[in-house]
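Novice:
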Amino acid sequence: MKRIAITGAAGLVGTGLRAQLLKRGYRVLSLDIKQVQNIAAHEEAAVVDITDQAAMTQQLQGCDAVVHLAACTTDAPWTEQVKLSVEGCISVFDAARDAGVRRVVYASSHHVVGMHPRVPHGPRMGNTAILRPDSRYAVGKAFGESIGALYAYKYGMQVLSVRIGNVNTRPIDRRRMGSWVSWRDLAQLVAIGIEREDLVFEIVYGVSDATGRHYNNAAAYALGYLPEDGSEGWDDEVLREDPPPAAGSKAARSAAEITLGGQFSQSEYEGSTDRLLPHARNAA
Ligand SMILES: NC(=O)c1ccc[n+]([C@@H]2O[C@H](COP(=O)([O-])OP(=O)(O)OC[C@H]3O[C@@H](n4cnc5c(N)ncnc54)[C@H](O)[C@@H]3O)[C@@H](O)[C@H]2O)c1
Numbered sequence: 378m379k380r381i382a383i384t385g386a387a388g389l390v391g392t393g394l395r396a397q398l399l400k401r402g403y404r405v406l407s408l409d410i411k412q413v414q415n416i417a418a419h420e421e422a423a424v425v426d427i428t429d430q431a432a433m434t435q436q437l438q439g440c441d442a443v444v445h446l447a448a449c450t451t452d453a454p455w456t457e458q459v460k461l462s463v464e465g466c467i468s469v470f471d472a473a474r475d476a477g478v479r480r481v482v483y484a485s486s487h488h489v490v491g492m493h494p495r496v497p498h499g500p501r502m503g504n505t506a507i508l509r510p511d512s513r514y515a516v517g518k519a520f521g522e523s524i525g526a527l528y529a530y531k532y533g534m535q536v537l538s539v540r541i542g543n544v545n546t547r548p549i550d551r552r553r554m555g556s557w558v559s560w561r562d563l564a565q566l567v568a569i570g571i572e573r574e575d576l577v578f579e580i581v582y583g584v585s586d587a588t589g590r591h592y593n594n595a596a597a598y599a600l601g602y603l604p605e606d607g608s609e610g611w612d613d614e615v616l617r618e619d620p621p622p623a624a625g626s627k628a629a630r631s632a633a634e635i636t637l638g639g640q641f642s643q644s645e646y647e648g649s650t651d652r653l654l655p656h657a658r659n660a661a
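Listed below in structure tokens is the structure:
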């Protein structure tokens with residue numbers, strides 16, 4: 378039975394994933410700066426700060442993989458992004474290396490490409506586009522993808538970066554019809570990161586089946602991902618709850634409406650949104 382460490386295990390994603398990974402037959406080591414509640418059978422837990430590399434190295438001894446979730450999860454000032462999502466991330470990758478743990482599944486976010494236009498304003502987004510983070514939060518997430526690539530290609534680690542969309546029991550608005558991921562689909566992607574023998578480094582979108590919507594998740598399918606859930610069938614209900622703005626209105630031209638990042642792109646947005654559209658480079 379493989380032993381999997383999860384950082385940020387007391388948080389929203391950690392709490393859901395712990396249960397999913399236990400269900401899949403893993404032993405889980407739940408790590409968080411807060412006390413983790415409701416410890417199950419086949420689960421251990423410890424309070425640890427991810428920025429304390431020596432303590433993390435000690436915790437990770439004997440683990441087969443780390444699922445790294447702990448980060449700055451709001452668009453807080455830079456100092457907090459740097460502390461948790463940069464220094465914390467370096468600490469976790471170095472601790473894994475020192476403890477002989479070769480596999481890391483890194484919780485990235487689709488917000489690393491959040492300033493790109495979404496369908497129908499632009500093409501579906503694959504995993505090779507130039508990053509356009511939509512927030513300080515997303516810059517922190519993008520850093521983790523870079524360190525994952527460095528440690529995989531240079532130091533022989535095996536890293537799956539999952540650009541998680543929105544984990545929930547259902548798609549909660551129009552934008553998230555394209556980025557919703559169910560708990561079991563997210564767990565399937567994490568399990569691919571833990572198990573796939575030939576993995577070196579890959580970036581996938583943590584979304585359920587959203588064919589034709591925002592993301593091109595070919596890289597995940599190539600690794601064997603077969604989502605069990607999808608946003609098809611939700612359109613009527615979601616459109617009733619979240620109708621589109623009138624064509625040509627200010628709301629329809631807003632960054633929230635045009636981009637993959639939605640409100641993250643809208644927050645602090647300055648000026649016209651014309652520069653977000655695919656023709657912007659030619660128009661400049
Ligand atoms: N919730 C989503 O739908 C979603 C979407 C995209 C990406 N993600 C990513 O998934 C991860 C988890 O997100 P979440 O929604 O569960 O966030 P959360 O804020 O609910 O959980 C984060 C957890 O990290 C812990 N933590 C914070 N600082 C720590 C430290 N120094 N040491 C150890 N633990 C620390 C917190 O105590 C908390 O339990 C994040 O990396 C986030 O960027 C989540």
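Numbering (this note's numbering), first residue to last: 378 to 661. Where is the CB? At the ideal position from N, CA and C, for every residue including glycine.
Examine ligand 1 and report whether any of its heavy atoms sits within less than 7 Å of the Cβ of Leu-389.
Specialist: By one-based count along the sequence shown, residue 389 stands at place 12. Yes - ligand 1 has a heavy atom lying nearer than 7 Å to the Cβ of Leu-389.
Novice: Near Val-496, which residues of its chain fall below 7 Å by C-beta distance, leaving aside the five closest residues on each side in sequence?
Specialist: Stepping through the sequence shown from its first residue, residue 496 is reached at position 119. Cβ neighbours of Val-496 beyond the five flanking positions: Arg-590 and His-591.
Novice: Give the C-beta separation of Arg-401 and Ala-568 to the nearest angstrom, bearing in mind that I take them to be a contact with Cβ-Cβ under 8 Å.
Specialist: Position 24 of the sequence shown holds residue 401. Position 191 of the sequence shown holds residue 568. Rounded, the Cβ-Cβ distance is 6 Å, consistent with contact.
Novice: How would you write the range of the alpha helix (DSSP H) that Glu-522 sits in, first residue to last?
Specialist: Position 145 of the sequence shown, counted from the start, is the residue given in the question as residue 522. First-last of the alpha helix (DSSP H) with Glu-522: 513-532.
Novice: So what does DSSP say about Ile-467, is it helix, strand or coil?
Specialist: The residue labelled residue 467 in the question sits at position 90 within the sequence shown. Ile-467 falls in the helix class under three-state DSSP.
Novice: Pick out the complete beta strand (DSSP E) segments inside the stretch 477-514, 3 residues or longer, and give them in chain order.
Specialist: 480-486
Novice: Drop a sphere of 10 angstroms on the beta-carbon of Asp-586, count the other beta-carbons inside from all chains shown, and report buried for 16 or more, exposed for fewer.
Specialist: Within the sequence shown, residue 586 is the residue found at index 209, counting from 1. Looking at its Cβ environment, which holds 16 or more other Cβ atoms inside 10 Å, Asp-586 is buried.
Novice: Quick check: the Cα distance between Val-425 and Glu-634, rounded to an integer number of angstroms?
Specialist: Reading the sequence shown from its first residue, position 48 is the one you call residue 425. Reading the sequence shown from its first residue, position 257 is the one you call residue 634. So the two alpha carbons sit approximately 40 Å from each other.
Novice: Do Ser-407 and Ala-386 count as a contact pair if the criterion is CB distance below 8 Å?
Specialist: Translated into positions along the sequence shown, residue 386 becomes position 9. Translated into positions along the sequence shown, residue 407 becomes position 30. A contact, by the Cβ cut-off of 8 Å.
Novice: Taking 7 Å as the cut-off, does the CB of Gly-570 come closer than this to any heavy atom belonging to ligand 1?
Specialist: Residue mapping note: residue 570 aligns to position 193 of the sequence shown, counting from 1. No, since every heavy atom of ligand 1 falls outside the 7 Å radius drawn around the Cβ of Gly-570.
Novice: Need the endpoints of the beta strand (DSSP E) that Glu-421 sits in, please.
Specialist: The residue labelled residue 421 in the question sits at position 44 within the sequence shown. Note, Glu-421: beta strand (DSSP E), 420-424.
Novice: Can you tell me whether DSSP reads Ala-472 as helix, strand or coil?
Specialist: Residue numbering aside, residue 472 sits at position 95 when the sequence shown is read from its first letter. Here DSSP, grouped into helix, strand and coil, assigns Ala-472 to helix.
Novice: Assign Ile-569 to one of three DSSP states: helix, strand, or coil.
Specialist: Residue numbering aside, residue 569 sits at position 192 when the sequence shown is read from its first letter. In this structure, Ile-569 counts as helix in the three-state DSSP scheme.
Novice: Buried or exposed: which applies to Val-444, given that a residue is buried once 16 or more other Cβ atoms fall within 10 Å of its Cβ?
Specialist: The residue labelled residue 444 in the question sits at position 67 within the sequence shown. Taking all protein chains shown into account, Val-444 has 16 or more neighbouring C-beta atoms within 10 Å of its C-beta and is therefore buried.
Novice: With 16 as the cutoff for other CB atoms within 10 Å, does Trp-557 come out buried or exposed?
Specialist: For the purposes of this step, residue 557 is taken as the residue at position 180 of the sequence shown. So Trp-557 counts as buried.
Novice: Where does the unbroken beta strand (DSSP E) through Gln-535 begin, and where does it stop?
Specialist: Along the sequence shown, one-based indexing puts residue 535 at 158. It spans 535-541 - the beta strand (DSSP E) in which Gln-535 sits, taken as one unbroken run.
Novice: According to the neighbour-count rule (16 or more other Cβ atoms, all chains shown, within 10 Å of its Cβ), is Ala-515 buried or exposed?
Specialist: For the purposes of this step, residue 515 is identified with residue 138 of the sequence shown, where counting begins at 1. It counts as buried.
Novice: If you check the beta carbons only, do Ala-442 and Val-481 fall under 8 Å apart?
Specialist: By 1-based counting over the sequence shown, the position of residue 442 is 65. By 1-based counting over the sequence shown, the position of residue 481 is 104. Contact: yes.
Novice: Measuring only between beta-carbons, confirm whether Val-516 sits less than 8 Å from chain D.
Specialist: Although the question refers to chain D, the structure presented lacks it and comprises just one protein chain.
Novice: Kindly give me the distance between the Cβ atoms of Ile-427 and Val-405, rounded to whole angstroms, as I take these residues to be in contact under 8 Å.
Specialist: For the purposes of this step, residue 427 is taken as residue 50 along the sequence shown, with counting starting at 1. For the purposes of this step, residue 405 is taken as residue 28 along the sequence shown, with counting starting at 1. Ile-427 to Val-405, Cβ: 17 Å. No contact.
Novice: Taking 7 Å as the cut-off, is the C-beta of Asn-543 nearer than that to any heavy atom in ligand 1?
Specialist: The residue given as residue 543 occupies position 166 in the sequence shown. Result yes, Cβ under 7 Å from ligand 1.
Novice: Can you tell which of Glu-464, Ser-644 and Leu-508 has its C-alpha closest to the C-alpha of Asn-452?
Specialist: Sequence index remark: in the sequence shown, residue 452 carries index 75 (1-based). One point to set straight first is that residue 452 is Asp, not Asn, in the sequence displayed. Among Glu-464, Ser-644 and Leu-508, the Cα nearest to that of Asp-452 is on Ser-644.
Novice: State buried or exposed for Pro-381, treating a residue as buried only when at least 16 other CB atoms are found within 10 Å of its CB.
Specialist: Counting from 1 along the sequence shown, the entry for residue 381 is found at position 4. A quick correction: the sequence has Ile, not Pro, at residue 381. So Ile-381 ends up on the buried side.
Novice: Spatial neighbours of Phe-470 within its chain, please: C-beta separation below 7 Å, excluding the five flanking residues on both sides.
Specialist: Within the sequence shown, residue 470 is the residue found at index 93, counting from 1. Here the set comprises Val-481, Ile-524 and Tyr-528.
Novice: At what residue ranges does the stretch 604-637 contain a whole run of the alpha helix (DSSP H), taking only runs of 4 or more?
Specialist: 612-618 and 632-635
Novice: Taking 8 Å as the threshold (C-beta atoms), are Leu-576 and Gln-640 in contact?
Specialist: Indexing the sequence shown from 1 puts residue 640 at position 263. Indexing the sequence shown from 1 puts residue 576 at position 199. Cβ distance not < 8 Å, so Gln-640 and Leu-576 don't count as in contact.
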